[in-house]
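Residue numbers (this note's numbering), protein chains in the order written: chain C, 1 to 325; chain E, 1001 to 1325. Virtual Cβ for every residue (Gly too), placed ideally from N, Cα, C. No experiment lies behind these values; they were computed from the predicted model shown. Notes to accompany the following structure.
Protein chains: 2
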Amino acid sequence: MACGEFDLIARYFDRVKSARRDVVMGIGDDCALLSVDEKRLIAVSTDTLVSGIHFLPTISPADLGYKSLAVNLSDLAAMGADPAWLSLALTLPEMDENWLAAFSDSLFEQLDYYGMQLVGGDTTRGPLSLTLTIQGLIPAGRAILRSGARIGDWIYVTGTLGDSAAGLAVLQDRLMVAAAPDRQYLLERHLRPQPRILQGQALRDLASSAIDLSDGLISDLRHILDRSDCGARIHLEDLPYSTALRRQVSPDQALRWALSGGEDYELCFTVPEINRGALDVALGHAGADFTCIGQIGPRSEGLQLLRDNQPVDLDWHGYDHFSRE
Amino acid sequence: MACGEFDLIARYFDRVKSARRDVVMGIGDDCALLSVDEKRLIAVSTDTLVSGIHFLPTISPADLGYKSLAVNLSDLAAMGADPAWLSLALTLPEMDENWLAAFSDSLFEQLDYYGMQLVGGDTTRGPLSLTLTIQGLIPAGRAILRSGARIGDWIYVTGTLGDSAAGLAVLQDRLMVAAAPDRQYLLERHLRPQPRILQGQALRDLASSAIDLSDGLISDLRHILDRSDCGARIHLEDLPYSTALRRQVSPDQALRWALSGGEDYELCFTVPEINRGALDVALGHAGADFTCIGQIGPRSEGLQLLRDNQPVDLDWHGYDHFSRE
Chain C
1 MACGEFDLIA RYFDRVKSAR RDVVMGIGDD CALLSVDEKR LIAVSTDTLV SGIHFLPTIS
61 PADLGYKSLA VNLSDLAAMG ADPAWLSLAL TLPEMDENWL AAFSDSLFEQ LDYYGMQLVG
121 GDTTRGPLSL TLTIQGLIPA GRAILRSGAR IGDWIYVTGT LGDSAAGLAV LQDRLMVAAA
181 PDRQYLLERH LRPQPRILQG QALRDLASSA IDLSDGLISD LRHILDRSDC GARIHLEDLP
241 YSTALRRQVS PDQALRWALS GGEDYELCFT VPEINRGALD VALGHAGADF TCIGQIGPRS
301 EGLQLLRDNQ PVDLDWHGYD HFSRE
Chain E
1001 MACGEFDLIA RYFDRVKSAR RDVVMGIGDD CALLSVDEKR LIAVSTDTLV SGIHFLPTIS
1061 PADLGYKSLA VNLSDLAAMG ADPAWLSLAL TLPEMDENWL AAFSDSLFEQ LDYYGMQLVG
1121 GDTTRGPLSL TLTIQGLIPA GRAILRSGAR IGDWIYVTGT LGDSAAGLAV LQDRLMVAAA
1181 PDRQYLLERH LRPQPRILQG QALRDLASSA IDLSDGLISD LRHILDRSDC GARIHLEDLP
1241 YSTALRRQVS PDQALRWALS GGEDYELCFT VPEINRGALD VALGHAGADF TCIGQIGPRS
1301 EGLQLLRDNQ PVDLDWHGYD HFSRE
């Protein structure tokens, strides 16, 4: 995910000279969608993780192996795709066998869990970074795009929000958590996010749009609104928090992290009224927690944050994603 | 392309826990081959280029945009694939609009030439590096693998060898070339290698194996021999050199660069006796230069370098690829 000024860079690459007929979706969603035959689409997504920017230099190789793939899987989840193939480009400052063994064990454990195969890649010397290109398969016509939200659709998120930002704060000594179980839970949520693959697949015929929450609810929901040409009302009192987060931080801090903390890798999706019953059944079968947090409205109303149905004006400093509002 | 000790790293990733039936070729060839329907295969290849390792930090953005894609296309050429889709991960130390404009113009010019589309990627801040994942299409059953060479097959290369290494030497002031046309030619061969896409496609039904020359003839041919379980005899007097290279360096230097200089991005391929006539016609139609340089032999004979049919024992220092012999 590009962010901040690096969004600008994407503009240099968002041009199509030769529009191929087999490219159903190019740049602009969680994945590109490629058509090879009439039955299935291939979903492709690329993520780069650079040491010191996307992960702390102190991260363990096992956590890095896990998280780099989980982040990439999350993009597939947001389209409703079945994970299939991975290409891994790994740049390392030096040959370190212990590091490589731990990293690759962790990576392959997750690949195996999802029935994926590593099909290629490249290993080079240089400052630590990784680029993963993941591919998945989706039955033709059933991919969930960012652009399908319509006025009146209900807005949902899976799981709980803000935990990952709290876990990062623990790692950086910005948040002190004495209770070991809460500390462990928040760290896990940051280091071992669960890609919502099953949920994404269950949403294929039910959700009108979806995105994964990498930058924070406000920033990511805005992508849905932009692509769908809609507005939204979010009921702040309905945002789902974990028990650990509620116990360890103030309600105000929890709200900030839920809205703009980033890296939760939950799904945010919209569902038409007519599909709400089926949604309860489908996600119930998947054993997945999900919460309705608002409703899609007309573009003219923008993105409104409400508490007890009253507009809330949040004035926060230091939250870039939000301040771009 | 991994090289040197970084070959070791690949071993950590060359394991298959869940072997997917749709993976026709995993790690171990120029591209992975993925099967989506019964008619076509997808060829996928990933290359990372790191500043100071894969390209000089002084390279122009236009040359970098060209070469990074050309190198990636060369892997498709070696399988006989039709170029289709590109994912680009670009890590930049800073936002530089002039750099980005020149880089992306150059990239899109070549994408357009090959009828390709950029379908996704990622832009991040960090030390300059690029990872490209390229995908192409091949009719099912017609991909050219490294593993198909058989005893008696003839060994060919496209174009001329050693020019790229000479061009790099010019850039690094290790080779002085006063004649402007020769200098320009050698620089172009290093900075603007021509991926042999048309040649690869023409070879689909004719060649028994192929690889692209990224590390140098000896090192790359050895991959064919390893995968095909064969040996080879190379006739050194038959190696093709450009007029510029012959004019500017000694025969001994030209030979070294041809065998182990690397980055020529020509194809090395093998052809059964029965296909030699058809080869002349097919590559003649493509307007491509190609030269027979030897013949595949039994594994027990290893890789033999001959001059006037006599074994040549080359004792060079400082040529890693060759010294690994």
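- Excluding its 5 nearest sequence neighbours in each direction, Val1312(E) has C-beta neighbours in its own chain below 7 angstroms: Leu1236, Leu1305, Leu1306, listed in chain order.
- Short of 6 angstroms from the beta carbon of Thr131(C), and not among the five residues preceding or following it, lie these beta carbons of its own chain, in chain order: Thr48, Ala89.
- Between Ser228(C) and Ser209(C) a beta carbon distance of about 6 angstroms is seen, short of the 8 angstroms cut, so the two are scored as contacting.
- Against chain C, the CB of Asp1122(E) has a partner CB under 9 angstroms away; the residue lies at that interface.
- When DSSP states are grouped into helix, strand and coil, Ser1250(E) belongs to the coil group.
- One thing to note: Tyr1066(E) has its Cβ no nearer than 9 angstroms to the Cβ of Phe103(C).
- Taking the CA atoms as reference points, Leu1041(E) sits about 44 angstroms from Arg1174(E).
- Linking Pro1240(E) to Pro1251(E) through their CA atoms gives a straight-line distance of about 12 angstroms.
- Three or more Cβ pairs closer than 8 angstroms define a contact, and the segment 1078-1094 of chain E meets that threshold against the segment 1026-1046 of chain E.
- In the three-state DSSP reduction, Ile151(C) falls in the coil class, being neither helix nor strand.
- Partner residues in the beta bridge of Gly1297(E), as assigned by DSSP, are Gly1231(E).
- Sequence-ordered contacts of the segment 1043-1068 of chain E with chain C read Val1044, Ser1045, Thr1046, Asp1047, Thr1048, Leu1049, Val1050, Ser1051, Gly1052, Ile1053, His1054 [C-beta pairs closer than 9 angstroms].
- Look at Ile1134(E) here: in three-state DSSP terms it is strand.
- In the displayed model, Arg192(C) falls within coil according to three-state DSSP, outside both helix and strand.
- Looking only at Trp99(C), Gln117(C), Ala244(C), the smallest Cα-Cα distance to Ala62(C) is reached by Trp99(C).
- In the displayed model, Val177(C) falls within coil according to three-state DSSP, outside both helix and strand.
- Restricted to the segment 61-147 of chain C, the alpha helix (DSSP H) segments that are unbroken, complete and at least 4 residues in length are 61-79, 97-113, listed in chain order.
- The beta carbons of Phe290(C) and Tyr185(C) sit about 19 angstroms from each other, so the pair does not count as a contact at 8 angstroms.
- Against chain C, the beta carbon of Asp1037(E) has neighbours under 7 angstroms at Val36, Asp37, listed in chain order.
- Ala70(C) and Ile211(C) do not touch by the CB rule: their CB atoms are close to 16 angstroms apart, not below 8 angstroms.
- Less than 9 angstroms separates the beta-carbon of Leu203(C) from that of Gly80(C).
- Put simply, the backbone Cα of Gln110(C) is about 53 angstroms away from that of Asp1182(E).
- According to the DSSP secondary-structure assignment, Asp1029(E) is paired through a beta bridge with Ile1027(E).
- Close CB contacts of Thr1160(E) within its chain, under the 6 angstroms cut and outside five residues either way in sequence, are with Pro1240, Tyr1241, Ser1242 (chain order).
- Along the segment 1079-1092 of chain E, the positions whose C-beta sits under 9 angstroms from a C-beta of chain C are Ala1084, Trp1085, Ser1087, Leu1088, Ala1089, Leu1090, Thr1091, Leu1092, read in chain order.
- About 33 angstroms separates the beta carbon of Thr1124(E) from that of Val271(C), a gap too long to meet the 8 angstroms contact definition.
- Close to chain E, meaning a Cβ-Cβ distance shorter than 7 angstroms, is no residue of the segment 172-192 of chain C at all.
- Beta-bridge analysis with DSSP links Asp1047(E) to Leu1132(E).
- With a beta-carbon spacing of about 45 angstroms, Val1249(E) and Ala1140(E) fall beyond the 8 angstroms limit used to define contacts.
- With fewer than 16 other Cβ atoms from the protein chains shown falling within 10 Å of its own Cβ, Pro298(C) counts as exposed.
- In the assembly as shown, Met1176(E) is an exposed residue. Its beta-carbon has fewer than 16 other beta-carbons within 10 Å.
- Rounded to whole angstroms, Ala1032(E) and Gly1152(E) show a C-alpha spacing of 27 angstroms.
- About 7 angstroms separates the Cβ atoms of Asp1163(E) and Asp1264(E), confirming a contact at the 8 angstroms cut-off.
- Relative to the Cα of Leu217(C), the nearest Cα in the group Gly200(C), Thr46(C), Leu73(C), Ala254(C) belongs to Ala254(C).
- For Ala1032(E), the nearest beta carbon of chain C is closer than 9 angstroms to its own beta carbon.
- By the CB criterion at 9 angstroms, Thr1046(E) and Ile1134(E) fall inside the cutoff.
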